[in-house]
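Its first residue numbered 51, the sequence shown is counted upward by one per residue in the numbering used here. What follows is one structure encoded as structure tokens, with my remarks underneath.
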Amino acid sequence: VSSPALKIAMRLPHMMQSPAAKSALAFAGASFITGIIAKILITKMFFDYPIVILMIQMATVLFTIELLRVFGVLKLAPYTFDKGRHLFLPSILMSISSWLSVSAYEGIGLPLFDPIKRFTPLLILGVATFIYRKQHRLDRNALIALIGVSVLSSMAVNFELAMGRFSLFYGLFAGLLHAAAFVQFESLSDTFSPLEMMYMHSFNSLVVFLLADIVQDEIRDAFMYVMTSSNKSFVFLFILLMFLGLALQYTTFHCIGANGALVTQVVSNGRAVLQVMFAYYSASYLFYDLYPGWINWISFFGTAGSIYYFFQKYDFEQWKVSPFTKC
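Next up, the structure:
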């Protein structure tokens with residue numbers, strides 16, 4: 051008689067061949083690499099200008115799409131305010147959340163920001179229920195697994211067991227905005243393709259970051275940094291980060307459309323845990339005097355187990371069959 055573990059192992063290769071699973075893996079890979087390079091620029095090269103980074107990323111996405119559209123490579127209608135208004139609110143929410151997240155990359159001012167933000171899957175569940183007055187199709191076991199993913203991933207990325215009021219406030223605020231944006235993006239994915247959403251979101255977000263820079267005035271400081279402190283490694287990594295932003299934007303919207311906001315965020319939590327451990331042992335970016343202890347490692351393996359268990363209990367009918375190359 052086949053054991054349950056053997057049956058799961060036999061199902062896994064077939065599941066991973068589905069378009070939705072490929073979409074999730076592409077999103078995890080793009081966000082993993084983008085996050086590593088962004089933290090190298092900020093913590094090792096001290097290019098701590100989050101608005102400039104996000105602004106130029108959005109400008110790169112927008113310029114690339116416009117260029118491909120003009121040359122007929124992409125069949126995409128031009129941006130209009132009537133069309134873009136559908137994504138305007140979630141774009142603003144996502145832009146603010148992204149700005150807070152990148153601002154916390156340096157790890158000193160808000161050391162517990164990322165651990166607090168790992169509770170975003172539960173916030174997505176709450177926001178979806180509040181906005182649409184409906185529950186995700188989660189049974190009790192899947193809900194327990196989701197709580198496990200949130201709690202254990204938070205403990206896994208937390209190398210400093212302390213609590214700060216600002217970290218708590220900004221982490222919850224960014225997580226709530228992130229959750230609200232993802233839930234609305236999921237709803238809009240039934241109407242717009244991932245490419246259309248990326249196009250409209252990049253335009254909306256670019257406007258937000260341009261307005262934000264009027265207040266923060268980061269462009270001038272970033273320009274002075276480039277003139278005085280940049281080198282070939284910085285230029286290469288910065289250009290790479292800008293184009294990785296394009297891949298991250300597309301895979302994010304595709305994963306939300308194929309798998310939903312909740313699954314996308316669960317994948318993001320798993321990616322965050324793997325990323326911080328990889329970065330520490332490869333010395334990719336600075337951790338100062340912090341290091342992972344036995345609690346972090348137990349939480350690391352617990353997160354992996356919780357994610358695995360979540361996908362065994364999650365309703366796989368929500369893994370929609372949609373072509374991965376859909377634009």
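Cβ coordinates follow ideal geometry from the N, Cα and C atoms, glycine included.
Query                                                                                                                             : Result
CA-to-CA distance, ALA195 to ASP189, given in whole angstroms                                                                     : 10 Å
Supposed contact pair SER73 and HIS304 - C-beta distance, whole angstroms, cut 8 Å                                                : 5 Å
Cβ pair VAL258, SER141 closer than 9 Å                                                                                            : yes
Best match in PHE97, SER81 and VAL152 for proximity to SER283 [C-alpha to C-alpha]                                                : PHE97
Under the three-state DSSP convention, the category VAL265 falls into                                                             : helix
LYS125 (DSSP reduced to helix, strand or coil)                                                                                    : coil
Identity of the residue in ILE345, PHE351 and VAL313 nearest VAL78 by Cα                                                          : Looking at the sequence itself, residue 78 is Ala, so the reference to Val does not match. Out of ILE345, PHE351 and VAL313, VAL313 has the C-alpha closest to the C-alpha of ALA78.
Inter-residue spacing [alpha-carbon to alpha-carbon] between PHE405 and ILE103                                                    : Because the chain spans 51 through 377 in this model, residue 405 falls outside it and cannot be assessed.
Unbroken alpha helix (DSSP H) run spanning THR110, endpoints                                                                      : 100-120
Where the alpha helix (DSSP H) through PHE223 begins and ends                                                                     : 215-238
SER203 versus LEU162, THR179 and ALA230, residue with shortest Cα-Cα distance                                                     : LEU162
8 Å contact criterion, which ILE90 and SER334 should meet: CB distance rounded                                                    : 6 Å
Three-state class that DSSP yields for GLY343 in the structure shown                                                              : coil
Start-to-end residues for the alpha helix (DSSP H) that takes in MET292                                                           : 282-309
Residue interval of the alpha helix (DSSP H) (run including ILE86)                                                                : 69-89
Contacts around VAL326, its chain only, beta-carbon distance under 6 Å, and the 5 residues preceding and following it disregarded : VAL207
Chain-order list of residues whose beta-carbon lies under 7 Å from that of ARG321 (same chain, five-residue window excluded)      : ALA78, SER81 and PHE82
Minimum C-alpha distance to SER153 - residue among GLN234, PHE113 and GLU268                                                      : GLU268
Whole-Å CB distance - ASP382 paired with MET105, under 8 Å assumed                                                                : The chain is shown from 51 up to 377; residue 382 falls before or after that span and cannot be answered.
Within-9 Å CB hit, PRO100 to chain D                                                                                              : Reference to chain D is not applicable here, since this structure consists of a single protein chain.
Spatial neighbours of SER237 in its chain, beta-carbon cut-off 8 Å, leaving aside the 5 residues before and after                 : TYR182
LEU137 beta carbon less than 9 Å from that of PHE235                                                                              : yes
Span separating the alpha-carbon of SER148 from that of GLY343                                                                    : 29 Å
Rounded Cβ spacing between LEU218 and ILE197 (contact assumed at less than 8 Å)                                                   : 19 Å between Cβ atoms; not a contact.
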